Each structure stands twice: as C-alpha cells, then as structure tokens.
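Notes to accompany the following structure.
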Amino acid sequence: MRVILDTNVFVSGVFFSGPPYRILEAWRGGKLQLVASQEILEEYRRVGETLAAQFPGVNLHPIIDLVTTNAEIFPNQALPQSVCEDPEDDKFIACALASRCRVIVSGDRHLLKVSGFGDIKVMSPRQFIDKYLSKRG
Numbered sequence: 002m003r004v005i006l007d008t009n010v011f012v013s014g015v016f017f018s019g020p021p022y023r024i025l026e027a028w029r030g031g032k033l034q035l036v037a038s039q040e041i042l043e044e045y046r047r048v049g050e051t052l053a054a055q056f057p058g059v060n061l062h063p064i065i066d067l068v069t070t071n072a073e074i075f076p077n078q079a080l081p082q083s084v085c086e087d088p089e090d091d092k093f094i095a096c097a098l099a100s101r102c103r104v105i106v107s108g109d110r111h112l113l114k115v116s117g118f119g120d121i122k123v124m125s126p127r128q129f130i131d132k133y134l135s136k137r138g
C-alpha cells in the first residue's frame, strides 16, 4: 500500500510512540510504501530539526536518509488553486494527485476536511491503523 504521511505524522513517529510510530514501523517492515515530494521532504527535515533541538538524544538524519532513498519521490507540483484552508497543506494533495496515491495520513484538521478531494482519502493515524494495519498484525 502506498501512503503519504503529513509532517505531523512523520515527525511524531520519529520522536514519539503511538500510532504514528506504528505506521513508520510498518513502513520500515516493508508493509507500506511511502510517497513524498521534495517539498514534503524539506518540511520533514525542517520541522524535525526544530524538534531535534528539544530532544538531543534523537538522531533525525538516518530516518530522513532512509525516506530519501526508499520512498517514491515525485517532483513538486502546484495546484491550480488552493484546496485546503491552510495553503501550506496543499503540497500533500498535490503530491497525492501527481503520484496517484490515494491515501494521506494526517492529524491536521485542514487536511482531514478535504478527504475525498480527487478520490484521495485523508485519514487520521488511528483510522489508518484500524483499517490497514490491525488486520495484518
């Protein structure tokens, strides 16, 4: 299964336990294929580095390197018009459209509100785990 992780899910999975961590574990275990754009990777890095300053015991670079080499990376594409209330979230919708990825995992209310746009399902981490990972163990 191919998925796009919103930055809040990716960074939470790196720094904390819980559903986002389980999703990253499923990816590392080969159960998922991550999809991203360069713009998404840059945001992962920027937000992750900010959080890493607060948690010096966590080394963000290996996981960013792993994503950069193992995720399907698509070129940045702008949408003709904004879809989300927060235009910064449009990059996830644009990536999903460009890559034909049908699932975005996010805890961001702006993205969750646009679930269904372009046949893209936006799901919370818990919803994603319940629907796709719990059945697989």
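Under our numbering, think of the first position of the sequence shown as 2, with each following residue one higher. Beta carbons are placed, not taken as given, at the ideal position from N, Cα and C, and that holds for glycine. All values derive from a computational prediction rather than experimental measurement.
- The beta-carbon distance between residue 20 and residue 130, rounded to whole angstroms, is 5 Å. This is short enough to meet the 8 Å contact definition.
- Counting only residues of its own chain and dropping the five nearest sequence neighbours on each side, residue 78 has a CB closer than 6 Å to the CB of 95 and 99.
- If you look at residue 35, you'll find it in the beta strand (DSSP E) that goes 34-38.
- When the alpha-carbon of residue 26 is set against those of 11, 39 and 38, the nearest one is in 11.
- Under the three-state reduction of DSSP output, residue 80 falls in the coil class, being neither helix nor strand.
- CA-to-CA, the gap between residue 15 and residue 66 works out to about 13 Å.
- For residue 44, the three-state secondary structure derived from DSSP is helix.
- A Cβ-Cβ distance of about 7 Å is found for the pair residue 2 and residue 34, placing them in contact under the 8 Å criterion.
- In the three-state scheme derived from DSSP, where H, G and I count as helix and E and B as strand, residue 6 is classed as strand.
- Per DSSP, residue 59 is not a residue of any alpha helix (DSSP H), being assigned neither H nor E.
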